[in-house]
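The sequence shown runs 0 to 285 under numbering that gives the first Met the number 0.
Note that CB positions come from ideal geometry on N, CA and C, so glycine has one too.
Note that the structure is a prediction, hence the values are computed from the model and not measured.
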Amino acid sequence: MSELVLDRIINAECVSEMRKMPDSSVDLIIADPPYNLSKGGEWKWDNSVELKGLGGNWNKVMQDWDNYSFEAYMQFTKEWLTEAQRILKPTGSMWIFGTYHNIGIINVYCQMLGIEIINEVIWYKRNAFPNLAGRRLTASHETVLWCNKGGKKREYYFDYEYSKNGDFSYDGLKAPGKQMRTVWDISNNKERSELAYGKHPTQKPLRILKRMIKLASKKGDVVFTPFAGSGSECVAAKMTGRRYLGIEMEKEYCEIAEERLLHAESNEDDMGQMTLDMFTGVSSKC
Ligand SMILES: C[S@@+](CC[C@H](N)C(=O)[O-])C[C@H]1O[C@@H](n2cnc3c(N)ncnc32)[C@H](O)[C@@H]1O
């Protein structure tokens with residue numbers, strides 16, 4: 000097992016890299032894994048195409064890294080979750096993004112491995128991409144599982160005060176001074192600064208990541224992300240005064256992430272710049 004060298008993105012495959020990490024070495028994991036939305040071989044970018052079994056014209060990413068057979072995806076999910084559970088401190092916790100395409104598989108493996116699901120959060124995206132074919136409802140949410148390592152004692156950190164009394168005035172479903180619920184109303188739009196060094200097809204907005212980090216970690220804690228993409232989780236960690244470590248297997252995304260991290264400055268505000276298009280615009284990707 001190697002000592003953790005923090006505040007960097009490792010360009011590698013995450014399961015093999017996580018196997019080198021010490022037990023109970025990170026405080027918070029934010030995992031935004033491939034959703035396996037690109038399976039089925041070649042796909043033409045045409046919103047009128049009906050994709051059997053994949054939720055119609057769901058906004059697909061069609062990337063090689065997102066294209067597994069069902070069996071391979073099951074195996075991959077089991078492997079990365081096993082390592083995530085091992086490297087997570089008993090006082091830590093883990094946020095996992097997904098949609099109905101993959102979150103059921105993740106949920107089942109969490110239960111099989113003894114990872115406890117603390118909450119299932121619905122991330123409501125009021126600016127979701129419309130269903131152009133008009134043959135089904137417009138998909139407008141993602142699911143996030145918040146989990147702890149499992150075991151007899153529940154030691155995970157939760158900033159209840161922030162969850163109740165933080166400034167969430169951008170969220171139409173969070174009443175000031177009331178307990179935070181499991182439906183979060185957060186625009187998927189990215190600010191210009193989030194896209195300044197290149198784009199990733201499934202980039203997450205800093206707004207939701209800062210919320211997750213502040214709810215479940217303290218300043219100075221280590222935030223780890225096995226699927227770093229353009230580095231959003233690491234950028235959010237740096238901005239909020241946490242240490243970070245990310246793994247990403249595509250070099251071009253590592254380069255975007257490194258540029259973003261180089262320019263990221265301390266900014267704990269999770270409101271972000273409020274612009275009209277946050278509420279009326281349509282996001283380009285799920
Ligand atoms: C859903 S995206 C994450 C996007 C990220 N949250 C952001 O905001 O940019 C998943 C990322 O995981 C990477 N990836 C997929 N499989 C991987 C693996 N086995 N090891 C490391 N990275 C992987 C992909 O290249 C992709 O960039």
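For Phe226, the distance from the CB to the nearest heavy atom of ligand 1 is below 7 angstroms. In the three-state reduction of the DSSP assignment, Ser192 falls in the helix class, which pools H, G and I. Excluding five sequence positions before and after Pro89, the CB atoms of its chain that fall closer than 6 angstroms to its own CB belong to Lys148, Glu154, given in chain order.
Here the alpha carbons of Asn10 and Tyr169 stand approximately 35 angstroms from one another.
Cys253 has its Cβ no nearer than 7 angstroms to any heavy atom of ligand 1. No heavy atom of ligand 1 is found nearer than 7 angstroms to the CB of Thr98. Taking C-beta separations shorter than 6 angstroms and ignoring five residues to either side along the sequence, the partners of Phe223 in its chain run Val25, Ile28, Leu244, following chain order. Between Val14 and Glu70, the C-beta gap is not smaller than 8 angstroms, which leaves the two residues out of contact. In the DSSP secondary-structure assignment, Ser92 is bridged to Leu27. Within the chosen limit of 7 angstroms, ligand 1 does not reach the beta carbon of Thr81 with any heavy atom. Residue nearest to Glu16 within the set Cys253, Leu260, Pro225, Glu251 is Pro225 (criterion: CA-CA distance). Comparing alpha carbon positions, the residue from Lys124, Gly91, Ile104, Tyr99 closest to Lys77 is Ile104. Residue burial is scored here from C-beta neighbours: Leu208 has at least 16 other C-beta atoms within 10 angstroms and is therefore classed as buried.
Look at Arg125 here: in three-state DSSP terms it is coil, with no helix or strand label.
According to DSSP, Phe223 shares a beta bridge with Ile28, Leu244. Under DSSP, Leu144 takes part in a beta bridge, and its partners are Ile95, Glu119. Take the alpha-carbon of Gly228 and the one of Pro129: they are about 25 angstroms apart.
Asp6 is positioned such that its CB atom lies closer than 8 angstroms to that of Arg242. Going by DSSP, Arg85 is part of no beta strand (DSSP E) but of the alpha helix (DSSP H) stretching over 69-86.
Cβ-Cβ distances below 6 angstroms link Arg85 to Asp22 in the same chain, with the five nearest sequence neighbours on each side left out; the list follows chain order. Here the C-alpha atom of Lys177 lies approximately 13 angstroms from the C-alpha atom of Gly171. Distances from the CB of Val14 to the heavy atoms of ligand 1 include at least one below 7 angstroms.
A direct Cα-Cα distance of roughly 5 angstroms separates Met248 from Glu12.
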